[in-house]
Ligand SMILES: Cc1cc2nc3c(=O)[nH]c(=O)nc-3n(C[C@H](O)[C@H](O)[C@H](O)COP(=O)(O)OP(=O)(O)OC[C@H]3O[C@@H](n4cnc5c(N)ncnc54)[C@H](O)[C@@H]3O)c2cc1C
Ligand SMILES: Nc1ncnc2c1ncn2[C@@H]1O[C@H](COP(=O)(O)O)[C@@H](O)[C@H]1O
């Protein structure tokens, strides 16, 4: 079976700090990581491939340095990687991103399943997966936790809903967007695997490889426009008390009253 | 294309410092932008004090003038309307009034008519109803088709969805289907004075920044909206409304996914953490699973719901759907109480938008106190039972 995993390199948002004076983000020294949800999705793809056999292609759109994330995917167990990188792709919103990914998937040809993360931790939109599915006109399942069964024609997934879980079946090809399970431990590739990854193919495709020059690429192809970015209002200084339990509870009650909660 | 007008530029360097990808440089007294790393995010444009930087966008030619009214997607779950629907109607009312347009609800389902009175009472003037057994359970395919058809026929100006599991599955599917812009998980919406566009505000980068987004060239302007941040109107049964019913039949084979089993993760009608107006979370400091009963009791007294930090899910004490934080749920309640939670950054990003954060932790150095509005340093096993006693006596 042919699996495509869409991955994104993101800044480690937990390391992002905001300069309280200027209100700007301090990006210096913030490491780039493989989006955690995508890493989980890739691991699911590897787990499934162990049973079904086949080939895993990781696909990413991003600047040249996103190669790092793809190398990591190859070391973890992907067979081949493709980076979509071109000046023309810069400034893409979710629509333009899914448009571009869709062209690449079409160029790749036959596939059975596309794996996405539920969301990328930088933008947190959770839109690229469903938008890509619709561009390709294939069924989608979002908030997927695991693949329970798969055969030549169909897949059964366990997915989270607002109220619990569902087991859902879909024909193939299909697109799955993964959340992660609490038990998931990212795999740290061995030296051998890292070395082995060097001999795997990592290609770069630009707009000429995808064709459709008047397509909705990059900023021009993006219907949404970010017009302002600013830091959120800082939370005021809090009150911290350290008192014996009775007194502490008195003060807590007082506070709840003063805020109109009780 | 991004351009710097060197005549206007004073090389003050603000853009150099603010560029998120370090693509701007001053060398030999001129600003230069490295096109290779620039992502055209536009941050520099918005901070330049002399408007020397510009980005040129390709104008879309589509005629947007015929699109009117504010639509709200009506999500039904286990036989009731989701609370976010009322919140969207509350916000939608404000937007519609500002634009002098109508507020409309879209309800798709099987037996959908039983909700229309309620939708009317909460402010919908016009209700578009599609009623057919095929819509009994939510499916991406059937709902996307029905909504796409309604949009094409009735041309709404704005279309809001709750940022719930269903909303975040459906809205991007519709957006992609019709080639529309879509803004995810908004925490504020307003109408821009100058051009009457919908100004959509949302957090990004784990809540470290806020972004204002517009969608000038496609209609409807679509957004998913985070539950619990908008205010519903007080219901009024005397509000008048009109219903437009459309028969949209979808062949069942065009629904390509099939629900085999539904496993309830919680009691019926129980509220999810992301919808709670008061969320009380416990962390590893709770000590053991049975101690969470105390939190349930406190939640009962404060009309709250119980959430938790990640280790609690890993320990299997509470289901994953109640985990708060980066790899769990983002919450924005009026009141968040963190009990025995250290407040690691991954937890903090999920609670930043709460109105009030109260923390109870015995370690005065716990990072949770950095973002708490009211922090109590002490043993939660002594504090919470006393708090419960006091609340009961009131
Ligand atoms: C990629 C990634 C994603 C993650 N996503 C999430 C996420 O979504 N949500 C999340 O929560 N975490 C997440 N984490 C984990 C996070 O980094 C922390 O490990 C976790 O939040 C810690 O949980 P805790 O505060 O319950 O436990 P601890 O850090 O062990 O803290 C327990 C606290 O309880 C206090 N305490 C103990 N006994 C008492 C007592 N009797 N009375 C009062 N206080 C007491 C202690 O002082 C301590 O501060 C993620 C981590 C990674 C790497
Ligand atoms: N630039 C990209 N390249 C490849 N995949 C992407 C890209 N952006 C988003 N995705 C995929 O879409 C998912 C959702 O991303 P988002 O909609 O940005 O939250 C991610 O987890 C990835 O699987």
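Residue numbers (this note's numbering), protein chains in the order written: chain A, 877 to 1138; chain B, 704 to 1097. Think of the CB as a built atom: it goes at the ideal place given N, C-alpha and C, for glycine as much as any other residue. As the structure is a prediction and not an experimental result, all values here were calculated from the model.
From the options, pick the residue whose C-alpha is nearest to that of residue i; which is it?
| i | options | result |
| --- | --- | --- |
| residue 1033 of chain A | A/1000, A/991, A/1009 | A/991 |
| residue 1090 of chain A | A/1035, A/1049, A/976, A/1037 | A/976 |
| residue 1058 of chain B | B/912, B/940, B/981, B/929 | B/981 |
| residue 928 of chain B | B/1014, B/1087, B/795, B/1082 | B/795 |
| residue 1036 of chain A | B/1025, B/752, B/920 | B/1025 |
| residue 941 of chain A | A/958, A/925, A/952, A/927 | A/958 |
| residue 1105 of chain A | B/910, B/924, B/716 | B/910 |
| residue 829 of chain B | B/820, B/835, B/979, B/836 | B/820 |
| residue 826 of chain B | B/804, B/1029, B/918, B/919 | B/804 |
| residue 876 of chain B | A/1001, A/937, A/1112 | A/1001 |
| residue 1009 of chain A | A/974, A/1030, A/997, A/994 | A/974 |
| residue 1108 of chain A | B/952, B/961, B/904 | B/904 |
| residue 856 of chain B | B/1071, B/965, B/949, B/707 | B/949 |
| residue 1056 of chain B | A/1130, A/1132, A/886, A/1112 | A/1112 |
| residue 952 of chain B | B/838, B/735, B/750, B/1053 | B/838 |
| residue 879 of chain A | A/1136, A/1129, A/1026 | A/1026 |
| residue 737 of chain B | B/937, B/771, B/1034, B/726 | B/726 |
| residue 816 of chain B | B/752, B/946, B/754 | B/946 |
| residue 1036 of chain B | B/770, B/867, B/931 | B/931 |
| residue 977 of chain B | B/835, B/960, B/1023, B/1032 | B/1032 |
| residue 885 of chain B | B/902, B/895, B/757 | B/902 |
Any heavy atom of ligand 2 closer than 7 angstroms to the beta-carbon of residue i?
| i | result |
| --- | --- |
| residue 1035 of chain A | no |
| residue 909 of chain B | no |
| residue 913 of chain A | yes |
| residue 1029 of chain B | no |
| residue 937 of chain A | yes |
| residue 973 of chain A | yes |
| residue 1080 of chain A | no |
Which residues in chain A have a C-beta closer than 8 angstroms to the C-beta of residue i? List them in chain order.
| i | result |
| --- | --- |
| residue 920 of chain B | 1099 |
| residue 1069 of chain B | Result: empty, since nearest Cβ-Cβ is about 10 angstroms, beyond 8 angstroms. |
Since residue i is in the beta strand (DSSP E), which residue starts that stretch and which ends it?
| i | result |
| --- | --- |
| residue 997 of chain B | It is not in any beta strand (DSSP E) - residue 997 of chain B instead sits in the alpha helix (DSSP H) that spans 995-1004. |
| residue 964 of chain B | 960-967 |
| residue 1077 of chain A | 1077-1081 |
| residue 1034 of chain A | 1030-1037 |
| residue 1064 of chain B | 1059-1064 |
| residue 1128 of chain A | Not the beta strand (DSSP E): residue 1128 of chain A falls in the alpha helix (DSSP H), residues 1121-1134. |
| residue 918 of chain B | Looking at the DSSP string, residue 918 of chain B is not in any beta strand (DSSP E), and its letter there is neither H nor E. |
| residue 1045 of chain A | 1040-1047 |
For residue i, is the beta carbon positioned less than 7 angstroms from some heavy atom of ligand 1?
| i | result |
| --- | --- |
| residue 1082 of chain B | yes |
| residue 1035 of chain B | no |
| residue 995 of chain A | no |
| residue 1114 of chain A | no |
| residue 1014 of chain B | yes |
| residue 1044 of chain B | yes |
Since residue i and residue j should fall inside the 8 angstroms C-beta cutoff, what is the C-beta to C-beta distance between them, to a whole number of angstroms?
| i | j | result |
| --- | --- | --- |
| residue 1083 of chain A | residue 988 of chain A | Actually they are not in contact, since the Cβ atoms of residue 1083 of chain A and residue 988 of chain A sit about 27 angstroms apart, beyond 8 angstroms. |
| residue 789 of chain B | residue 864 of chain B | Contact doesn't hold; Cβ gap of about 14 angstroms is too wide. |
| residue 941 of chain B | residue 802 of chain B | Not confirmed; about 24 angstroms, so no contact. |
| residue 1063 of chain B | residue 1103 of chain A | With a Cβ gap of about 41 angstroms, residue 1063 of chain B and residue 1103 of chain A do not count as contacting. |
| residue 997 of chain B | residue 1011 of chain B | Wrong, their Cβ atoms sit about 13 angstroms apart, outside the cutoff. |
| residue 823 of chain B | residue 944 of chain B | 4 angstroms |
| residue 936 of chain A | residue 946 of chain A | 6 angstroms |
| residue 1049 of chain A | residue 1014 of chain A | 5 angstroms |
| residue 1071 of chain B | residue 1045 of chain B | 6 angstroms |
| residue 1091 of chain B | residue 1004 of chain B | 7 angstroms |
Using a Cβ cut-off of 8 angstroms, pull out every chain B residue sitting near residue i, in sequence order please.
| i | result |
| --- | --- |
| residue 971 of chain A | 878, 879, 882, 883, 884, 885 |
| residue 885 of chain A | Per Cβ cutoff of 8 angstroms: no residues; residue 885 of chain A is ~12 angstroms from chain B at best. |
Which residues of chain A have a Cβ atom closer than 7 angstroms to the Cβ of residue i, listed in chain order?
| i | result |
| --- | --- |
| residue 1002 of chain B | None at all; the shortest Cβ gap to chain A is about 13 angstroms. |
| residue 959 of chain B | 1015, 1046, 1047 |
| residue 994 of chain B | Neighbours of residue 994 of chain B on chain A: none; closest Cβ ~16 angstroms, over 7 angstroms. |
| residue 1048 of chain B | 890 |
| residue 1038 of chain B | 1137 |
| residue 1016 of chain B | 1058 |
What are the boundary residues of the alpha helix (DSSP H) that includes residue i?
| i | result |
| --- | --- |
| residue 883 of chain B | It is not in any alpha helix (DSSP H) - residue 883 of chain B carries neither H nor E in the DSSP assignment. |
| residue 877 of chain A | That residue, residue 877 of chain A, is in no alpha helix (DSSP H); it is neither H nor E in DSSP. |
| residue 941 of chain A | From DSSP, residue 941 of chain A is part of no alpha helix (DSSP H); its letter is neither H nor E. |
| residue 774 of chain B | Segment 773-777 is the beta strand (DSSP E) holding residue 774 of chain B; no alpha helix (DSSP H) there. |
| residue 1002 of chain A | Careful: residue 1002 of chain A lies outside any alpha helix (DSSP H) and carries neither H nor E. |
| residue 846 of chain B | 843-857 |
| residue 989 of chain B | Premise fails: residue 989 of chain B is in no alpha helix (DSSP H) and is neither H nor E. |
Can you name the residues of chain B whose CB is closer than 9 angstroms to the CB of residue i?
| i | result |
| --- | --- |
| residue 1010 of chain A | 843, 847, 875, 876, 877, 878, 879, 880 |
| residue 1106 of chain A | 749, 912, 913, 914, 915 |
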